[in-house]
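Chains as they are written, first to last, in this note's numbering: chain A, 65 to 707; chain B, 65 to 707. A virtual CB, placed ideally from N, CA and C, is assigned to each residue, including glycine. As structure tokens, the structure follows; a few thoughts come after it.
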């Protein structure tokens, strides 16, 4: 493999489209290759469209319409966002790898549909290969795990909680089915002992480890004909009965009611989790935020307190969602510590639950922890090779702990630098996928078993989906492997660039203004507030920072953007843990004001997905340039609000 | 606009890639245009990747890796499916329009993310424009309706039932909120009278027309400060409370319980509906199939019987899903008659429910009913201009009735001939979208109201999604308008081609074998069974037809495919209405055998999305060719099973 310092310059089209000749060569190659494939398929068929047809007035007119409208579209696209530029530090997007762009285009000409092998014999296999690569990177056993691509992070997270919900109620289904079939099913308990399923009360049934629940199911399958077990268990699942009927059955069997099961999420969790619990029928009210610390990471003590309180009220926990790379701050929970709390909760509180990592943003960063042979690297080795202070040993421990989750979501269309749409869902125990399986009659493989890998649509939420996305991810992984030579190097550079930006902002001369920063980010999103002399309230400060944002966004009044950032709003109670140090440094407002009806704090946010920000001259210095632009923006915003 | 008979030949790359020069010119144009856009953005920034960098050994090596791996991918793709060929009559896919391919590629270089205007200022507007076009085609008022693109039909159908579920329980939320706020809210009833919400019993609350429920909500909003109403109603929604808590609240308020609400679907409904009801917590057991007739259309009498029985048992109906273009047969329910039954159920039974049309496959066919000015055309005019026997007047009435639904799903990536991923969801009353709205802090528009069109992510299930898909659909609609000049002509040709194939199969000389066909398809999917002398049971017949399918599929033993079709399995009870005439013609088996454990009927299925199948010579005659291939396949399958 090439030296990544040089290779980096061949991976992207480049901010000036410096690699335009390369991209054009490969796109043309892919197009012509496809053309000749068509011509090679039953060449004896002759032609459908003749050269004479191509000279008919209607044909010419249609080509004129097409060309004219395309030119119109291209003109419109000039008003799109320059994600490719070092001046763009907005949302979680940069330009895409050439490999991904060409891979997508090449496969799109074939338009495979990864719902089934029959509609995508090539790209279905690529999708499963990509899922294995991701599983290997985070430390799942690829043979025991299961994974696939999705349209994005929301769908992937939905699938994770859909499966978690069905695992949570699986012990009930197995227990009822066992009773119907007259079979005894032993099951492992969180404390390590074993009991018969029928002997457990409702609280114990809803507090089995996912693997124990799946083991019990498997034992039942071994005790009777598989199709009989399948039909009997299916009758007793939440999926079949629906929540209303299921609640009645539970109440009839277990007269002593429990509070509704809750889903715990780090307070930094993406807003899609709210959508997901509402849609699944769990309810937004059952989504509980676990407090974060000043680094915006889930606070392990707060998690323990939350779990202890839930144990006291006998509330089952359906799932715990930890965040690896929060949307606003790229914060990574100390997942190693979360795992410790989880183990302690099982041993001391008898609580068990599905543990999910929402690594939609941060998952690819785990590539820094792998060497070319796929072996783990420690913090010392990573820092030495990257030549910078990132990552800490604690960070490496958090990334390593991803292997201890039950499921994980990772978006290739974020830090995988591939075009939309590409999310990914992985679960550690492939048996869990059967909990959501549905088979249509027209897609069963010929003579084969519909439980095979050949029919993805059976096990996923989506149906038809672009095989081109799988080709894009696959080709990108071929060129940038998921280790120190590829994505590890790339993302490492962005983390170093973000540190450079963080240091520059911390020491920036903004004249009368000054910056108040969140701690150095766990990956590459820098957050700060600009303090203004004379701002008496948080509301004043928010208006001012909102004004800065407008100057540094597509919404800039009276002109194109110089630099582009975004902003977010820290609100109570999610950010309780992060606010005290910020307020102290700002010297404005109070926690009471922040919590109040006009409260919240506008925070400026720069995403550094640009791997060249840490590069030395002659690469353009967009750190210094940005600080200067921020100074101008602050002055303009102050003048506007004063005027 | 050009004559569609000539233009058709410019719309696609062509089975021999006859238009390769055109596609290559446009792709190159889009690529170079993008390149120069990059160079025009702050040209003073200089270069990030220098020509010297591009000569470093590591750079060269990275280019070598990329090129080599791309060549490997292109070689793999040679084993993909020749969707473009007239020999492919398999799944619901053909080649894509050049407009869609180029539009996708052009926008993909920019990689806009249609989650929000800030991440996709151009393609978000294109997406909303496309949704308006689709709404206009089916007859919704585009100003009152709401729609957007999705990753596919499953997501779109999910969103439809998610909204339907939330509308179904909205009257309860409004009623409880009104009580909290001390407000009286009048509401219209299915019979036409008006009552106060608080005076209604549970059955009446769950039997309001969707528009009446939305009106009641709006009245409450007018009676108190909007944010107070929003917070109060939100507290009382199913989405917030979750199913378990909600069931308890309902039981506490209304001690007289009702059976769980059901979802009615045509028996031909796509398997994704099973996924959807399971995921939403409604339950697979609450999905009720309404019988279809010999044409595989929902039987209006059976629908009336079903509704009458549900009224007698006081079972609420959450939604009725009618099918426009079934996956297996392209059958279109007589939606005009379904609307009649719905009106009668409201008047005579006091039943009201959300009516959804799953037009994922068939929706685009409604383009034949529009002229260039967007006005409706009747069957006589359509048949005259297409020059064939399709469509019937009843068909035109069914298509016109789409305007009477509450929501509809239409997949551009099926009969819109655009690449995956592109589904669409439309609802007639845009107020309904607020029932699923969630707003994240980091995507609220600058200073704007987050309820605006600028932030799609607020109102849709997915988050990040490709703006390129919107550009593809938009450009394709520009070149092929949604009327007789564009999609209408295109799909009309496929319907005529399917009729040609149907007639050829009906009269085919297959030697000792003979065909038994379903009636002429409503759109363009032809289904049949090959009867074999000596087949004593359905199981024999199924093995034989499964063998034919294998010969005419990618799974063909010992060689590449000659023609490609698919097969499905008609099962009890979904196909009860379609089986008697088939069994009679087959002269084998019985309804009892068909319903039994080894039952079901394997049906061969040819999707005709190829618009050239109806074309005269010198276009290759893939009707005659296919009949000959079917004869050979039948003989081979018979020999294999005899040997």
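Specify the secondary structure class of residue i as computed by DSSP and reduced to three states.
i	result
residue 609(A)	helix
residue 489(B)	strand
residue 71(B)	helix
residue 152(A)	strand
residue 470(B)	coil
residue 690(B)	helix
residue 666(B)	strand
residue 700(A)	helix
residue 422(B)	strand
Assuming residue i and residue j are in contact, meaning their beta carbons sit under 8 angstroms apart, how far apart are those beta carbons, in whole angstroms?
i	j	result
residue 411(A)	residue 273(A)	That belief does not hold up - the Cβ atoms of residue 411(A) and residue 273(A) are roughly 12 angstroms apart, past 8 angstroms.
residue 482(B)	residue 537(B)	5 angstroms
residue 346(B)	residue 327(B)	6 angstroms
residue 331(B)	residue 638(B)	4 angstroms
residue 429(A)	residue 220(A)	No, residue 429(A) and residue 220(A) are not in contact; Cβ-Cβ is about 17 angstroms, not under 8 angstroms.
residue 365(A)	residue 465(A)	Not quite, the Cβ-Cβ distance comes to about 17 angstroms (not below 8 angstroms), so this is no contact.
residue 590(A)	residue 670(A)	5 angstroms
residue 677(A)	residue 602(A)	That belief does not hold up - the Cβ atoms of residue 677(A) and residue 602(A) are roughly 31 angstroms apart, past 8 angstroms.
residue 322(A)	residue 376(A)	The pair is not a contact, with the Cβ atoms about 13 angstroms apart (cut-off 8 angstroms).
residue 212(B)	residue 195(B)	5 angstroms
Would residue i pass as an interface residue toward chain A - the criterion being a Cβ-Cβ separation below 9 angstroms?
i	result
residue 396(B)	no
residue 407(B)	no
residue 622(B)	no
residue 339(B)	yes
residue 592(B)	no
residue 177(B)	yes
residue 106(B)	yes
residue 380(B)	no
residue 270(B)	no
Answer with yes or no whether the minimum CB distance from residue i to chain B is below 9 angstroms.
i	result
residue 131(A)	yes
residue 75(A)	yes
residue 162(A)	yes
residue 658(A)	no
residue 336(A)	yes
residue 157(A)	yes
residue 539(A)	yes
residue 98(A)	yes
residue 654(A)	no
Where residue i and residue j are concerned, what is the direct C-alpha to C-alpha distance, given to the nearest angstrom?
i	j	result
residue 477(B)	residue 486(B)	5 angstroms
residue 178(B)	residue 170(B)	15 angstroms
residue 145(A)	residue 185(B)	7 angstroms
residue 254(B)	residue 153(B)	46 angstroms
residue 298(B)	residue 455(B)	47 angstroms
residue 82(B)	residue 73(B)	9 angstroms
residue 117(A)	residue 78(B)	12 angstroms
residue 452(A)	residue 557(A)	9 angstroms
residue 68(B)	residue 293(B)	53 angstroms
residue 511(B)	residue 657(A)	Because residue 511(B) sits at a pLDDT of 46, beneath the cut-off of 50, its placement in the model cannot be relied upon, and the following sentence gives the value as read from the coordinates. Each residue's Cα considered, the two are about 21 angstroms apart.
residue 336(B)	residue 343(A)	16 angstroms
Tell me which same chain residues have a C-beta within less than 6 angstroms of the C-beta of residue i, skipping the five on either side of it?
i	result
residue 222(B)	340
residue 167(A)	535, 536, 539
Short of 8 angstroms in beta carbon distance, which residues of its chain neighbour residue i, apart from the five on each side in sequence? Order them along the chain.
i	result
residue 436(A)	65, 545, 547, 548, 549
residue 434(B)	201, 440, 441, 546, 547, 548, 552
residue 243(B)	262
Excluding the five sequence neighbours on either side, which residues of its own chain have a C-beta within less than 7 angstroms of the C-beta of residue i, listed in chain order?
i	result
residue 641(A)	355, 356, 357, 358, 363
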